[in-house]
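Number 319 in this note's numbering belongs to position 319 of the sequence shown; there are no gaps in the numbering. Built from N, CA and C at the ideal position, the CB exists for glycine as well. These numbers come from a predicted model, not from an experiment. See below for the structure under consideration.
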Amino acid sequence: MLQRPARLRAIGAGMFEWLEKQIDPFAPFNEEETPPSRVSAFAWHYLKPVRGWLVVLFVASLIVGLFEASLYVILGWVVDILATSTPATLWADHGTALLVIGSAILFVRPVLHFCHEVITNQILVPQTTNMIRWRTHLYTLGHALGYFQADFAGRLANRITQGGPAIREIAVTLLDTLLYVAIFAFTALGLFSSVSPWLALPMGLWIVAYIALLRYFVPRAQVRSLRVADTRSALVGRVVDSYTNILTVKLFARGAEERSAVRNAIAAHTQAFLNSFRLITGVGVVLTVMNSLLLVATGGLAIMLWMRGLMTSGEAATGLSLVMRILAMSGWVMQSVRGLFENVGVVQESMQTIARPHGIVDAPAAAELLVPHGEVRFDKVSFHYGRDEGIIEDLDLTIRAGEKVGLVGTSGAGKTTITSLLLRLHEVERGRILIDGQDIAGVSQDSLRSAIAMVTQDTSLLHRSIRDNIAYGRPQARDSEIIQAAKMAHAHEFILELEDNRGRRGYDAHVGERGVKLSGGQRQRIAIARVILKDAPILVLDEATSALDSEVEAAIQEALSTLMEGKTVLAIAHRLSTIAALDRLIVIDRGRIVEEGTHAELLRRGGLYARFWRRQSGGFLGADADATG
């Protein structure tokens, strides 16, 4: 006997699992397709994959609504037969009908509601919500670097996570809540019309007035809801910005200013909220007056018609019950409509962020980059960050396969921009960049960046384990390879001593957001280990040892020398001594090459590089070095 409940639970669990797999949130889709920029089209863009189940929900809601409305008609019939029957004849005359009705209520009604709830809760709601989040996230990831640099990370994340539930709720409210109420309203209208056109008049006028009220309310609610959504995202962005930069906040003792900024954001959100609720309060009062008029008018007409024998007691009971039900639902519907347009506001806000064309896209049928040698060539490349001039102008530069080249220049000369263009983080405005003769604009971005390993001066790590961070460029690496890379980067010893707040130690320890739990030098060594493990044919070093002390830097330079063997290298350093031994040095000034040669050759020429070398203090290149000496 004990096995039967367990078997029933297993069958139930199996049924739920089957239902829950009907929508795959991670089904493949075109990640490059730009979403539409109109609210309805934007929402449909993400609902289209589940349109079949939305139709099923519509039919289920229609059937449930009709069944529930019919109960009020049955109530009127029961009142009438009770008024015209005696206890002795009731069962004989109407027993079969009462049994059928009772059985339908007892068995059919729960089944209908169960089907409706299962379609909503097991099939549509969770999967659709997270399908939309997944798809908007993947599309957002495809934006160019400048897109993320121009907004708060917290605000972007908020719009991704809020957009899914908002789009889902719009669909469910329209197909479920509003349809349900419409069925009750038109059932009442039909019933009243069958008794007397006069009885139908208050209901018809109420429907017209309700539609007019919605027409007034909806556009104003939409505008105010967008304002609420905007201020909420601004608030989230401000809070996340404070948390992300908490060290800077504390170092500069700016806690009071950050509190003030968040207070202002909360005040703006509160004011937008209050402005929205003023409208809701006003509409609620008008709706209460309309409901009271409907109830009094319908009740008065029903009594008058009953007194004249034109309406049975059952019909009067049915009509008044339907009116009471509609009145109870009308406030709920108004709240649903308000929620609907709050969600429309959220969708509008998400749409403004998400529905932008990708700034950098792969060419149609983009090929995979092949790097048999590693030659890099800049062919008359110009780039101005959208301005008329400046940064990079007609750059011609060839880095031979296996050559180690250093870029030298003051801050703002264009060195980091050159590496960003090589990685196609920005599109060149004129000219082209070729790797082994292949224009990087014609290959896939992923294959391009897989062929290039880079250590940046602003090293940030993901809030994951040390192991995951080192293996980020080569996830399939074995532990022994990860440890070897860490040893080459002189990181193994300090990694073994790490422990996070959950007790995870060594390579399992998590590093905090952007690696805040590690020192700058430790982060730099993890980043170097990551590049060593990636072992890409082209290596870009942008101030790779800037955060290291002299002793560790000397050891790391050894590791980098080993790493650079057989690779094409492009290195940037303000500390000229770190790149003096490279094969060739390129001096950049205002985006143009002004000198090139070996360290010794450039010193003999006595030009700009020689002035840099003389003027640097402690081995660093000053921003005004070219203006003196």
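Does K404 pass the burial test, meaning 16 or more other C-beta atoms within 10 Å, or should it be called exposed?
As a working note, residue 404 is residue 404 in the sequence shown. When all chains shown are included, K404 counts as buried.
V240 beta carbon less than 7 Å from that of G102:
Counted from its first residue, the sequence shown places residue 102 at position 102. Counted from its first residue, the sequence shown places residue 240 at position 240. No, these two residues do not count as a Cβ contact at 7 Å.
Quick test of your reading: V371 and I246, contact by CB under 8 Å. State the CB separation rounded to the nearest angstrom.
As a working mapping, residue 371 is identified with position 371 in the sequence shown. As a working mapping, residue 246 is identified with position 246 in the sequence shown. Wrong, their Cβ atoms sit about 41 Å apart, outside the cutoff.
Are the CB atoms of A486 and A527 nearer to each other than 7 Å?
As a working mapping, residue 486 is identified with position 486 in the sequence shown. As a working mapping, residue 527 is identified with position 527 in the sequence shown. Not closer than 7 Å, so no.
Out of curiosity, what's the CA-to-CA distance linking F107 and V56?
As a position in the sequence shown, residue 107 is number 107, starting the count at 1. As a position in the sequence shown, residue 56 is number 56, starting the count at 1. Computed Cα separation, rounded: 21 Å.
Residue from V381, V172, L295 whose Cα sits closest to the Cα of G591:
Along the sequence shown, read from residue 1 onward, the residue named residue 591 stands at position 591. When each option's Cα is compared against that of G591, the closest is V381.
Could you tell me which of E596, H490, S444, Y385 sits nearest to E368, measuring between CA atoms?
Numbered from 1 along the sequence shown, position 368 holds the residue referred to as residue 368. Nearest option by C-alpha distance: S444.
Measuring straight from C-alpha to C-alpha, what distance separates E20 and V172?
As a working mapping, residue 20 is identified with position 20 in the sequence shown. As a working mapping, residue 172 is identified with position 172 in the sequence shown. In a straight line, the C-alpha of E20 is about 17 Å away from that of V172.
So what does DSSP say about M454, is it helix, strand or coil?
Counted from its first residue, the sequence shown places residue 454 at position 454. M454: strand per DSSP, three-state reduction.
Taking A365 as part of the alpha helix (DSSP H), name the residues at either end of that continuous run.
Here residue 365 is taken as the residue at index 365 of the sequence shown, counted from 1. Element bounds for A365: n/a, residue is neither H nor E.
Contacting residues, own chain, Cβ-Cβ under 8 Å from R605 (five flanking each side not counted)
As a first step, residue 605 must be located in the sequence shown, where it is residue number 605. Once the five neighbours on either side are set aside, the close Cβ partners of R605 are E595, G597.
Starting from the C-beta of S420, find all residues in its chain whose C-beta is less than 7 Å away, skip the five residues before and the five after it, and write them out in chain order.
By one-based count along the sequence shown, residue 420 stands at place 420. Excluding positions up to five away in sequence, the list reads H426.
On a Cα-Cα basis, can you pick out the residue from G12, L47, W18 that is closest to F29?
In the sequence shown, counting from the first residue as 1, residue 29 sits at position 29. Comparing Cα-Cα distances from F29 to each of G12, L47, W18, the minimum goes to L47.
Tell me the DSSP secondary structure of T459 in three-state form.
The count along the sequence shown starts at 1 and reaches residue 459 at position 459. T459: coil per DSSP, three-state reduction.
Just reading off the alpha helix (DSSP H) that V172 is part of, what are its end residues?
As a position in the sequence shown, residue 172 is number 172, starting the count at 1. Taken as a continuous stretch (DSSP letters only), the alpha helix (DSSP H) holding V172 covers 153 to 172.
Starting from I572, follow the beta strand (DSSP E) in both directions and report where the run begins and ends.
Indexing the sequence shown from 1 puts residue 572 at position 572. Element bounds for I572: 568 to 572.
Under a Cβ-count criterion, where at least 16 other Cβ atoms within 10 Å of its own Cβ denotes burial, should R38 be classed as buried or exposed?
Here residue 38 refers to the residue found at position 38 when the sequence shown is read from its first residue. Looking at its Cβ environment, which holds fewer than 16 other Cβ atoms inside 10 Å, R38 is exposed.
Would you report the Cα separation of S411 and N469, rounded to the nearest angstrom?
As a first step, residue 411 is located in the sequence shown; it is residue number 411 there, counting from the start. As a first step, residue 469 is located in the sequence shown; it is residue number 469 there, counting from the start. The alpha-carbon atoms of S411 and N469 are separated by roughly 29 Å.
So what's R432 in DSSP terms, helix, strand or just coil?
The sequence position of residue 432 within the sequence shown is 432, counting from 1. R432: strand per DSSP, three-state reduction.
Would you tell me roughly how many angstroms separate the C-alpha atoms of V344 and T288, rounded to the nearest one?
As a working note, residue 344 is residue 344 in the sequence shown. As a working note, residue 288 is residue 288 in the sequence shown. Roughly 25 Å between the two C-alpha positions.
Could you tell me the alpha carbon to alpha carbon distance between V531 and S233, rounded to whole angstroms?
Locating residue 531 in the sequence shown gives position 531, counting from the first residue. Locating residue 233 in the sequence shown gives position 233, counting from the first residue. Each residue's alpha carbon lies about 36 Å from the other.
Reference N291, options R467, Y210, A221, closest by Cα
Along the sequence shown, read from residue 1 onward, the residue named residue 291 stands at position 291. With distances taken between Cα atoms, N291 lies closest to Y210.
Spatial neighbours of T128 within its chain, please: C-beta separation below 6 Å, excluding the five flanking residues on both sides.
The sequence position of residue 128 within the sequence shown is 128, counting from 1. Hits under 6 Å: V50, R168.
Where the beta strand (DSSP E) through R377 begins and ends
Here residue 377 corresponds to residue number 377 of the sequence shown, with the count starting at 1. R377 -> beta strand (DSSP E) spans 376 to 383.
Report the three-state DSSP secondary structure of S276 (helix, strand or coil).
Mapped onto the sequence shown, residue 276 falls at position 276. DSSP places S276 in helix when its eight states are reduced to three.
Between the Cα of A182 and those of H113, F58, A256, V262, spot the shortest distance and give me the residue it belongs to.
The residue labelled residue 182 in the question sits at position 182 within the sequence shown. A182 has its Cα closest to that of F58, out of H113, F58, A256, V262.
Segment contact, 8 Å Cβ cut-off, at least three pairs: the stretch 392 to 402 with the stretch 560 to 580
yes
Where V286 and V64 are concerned, what is the direct C-alpha to C-alpha distance, given to the nearest angstrom?
Taking the first residue of the sequence shown as position 1, residue 286 is located at position 286. Taking the first residue of the sequence shown as position 1, residue 64 is located at position 64. Cα-Cα distance, rounded: 30 Å.
Whole angstroms is fine: what's the gap from D479's alpha carbon to R254's?
Working through the sequence shown from its first residue, we reach residue 479 at position 479. Working through the sequence shown from its first residue, we reach residue 254 at position 254. Distance between the alpha carbons of D479 and R254 is about 43 Å.
Examine the Cβ distances between the stretch 317 to 336 and the stretch 187 to 204 and report whether three or more of them are shorter than 8 Å.
yes
Per DSSP, cross-strand counterpart(s) of Q438
As a first step, residue 438 is located in the sequence shown; it is residue number 438 there, counting from the start. Paired residue(s): I435.
Which one of S85, Y243, A366, P126 has the shortest CA to CA distance from A441?
Taking the sequence shown and counting its residues from 1, one reaches residue 441 at position 441. Minimum Cα distance to A441 is reached at A366.
Going by DSSP, what residue range makes up the beta strand (DSSP E) through I392?
Locating residue 392 in the sequence shown gives position 392, counting from the first residue. First-last of the beta strand (DSSP E) with I392: 392 to 399.
Have a look at G506, S447, D500 and flag the residue whose alpha-carbon is nearest the alpha-carbon of H492.
For this step, residue 492 is matched to residue 492 along the sequence shown. Among G506, S447, D500, the Cα nearest to that of H492 belongs to G506.
Counting only the same chain and skipping the five closest in sequence on each side, list residues whose C-beta sits under 7 Å from that of F630.
Examination of residue 630 is not possible in this model, given that the chain is present from 1 through 629 alone.
By the 10 Å Cβ neighbour count, where 16 or more other Cβ atoms means buried, how is F186 classified, buried or exposed?
One-based indexing of the sequence shown puts residue 186 at position 186. Exposed, since its Cβ has fewer than 16 Cβ neighbours within 10 Å.
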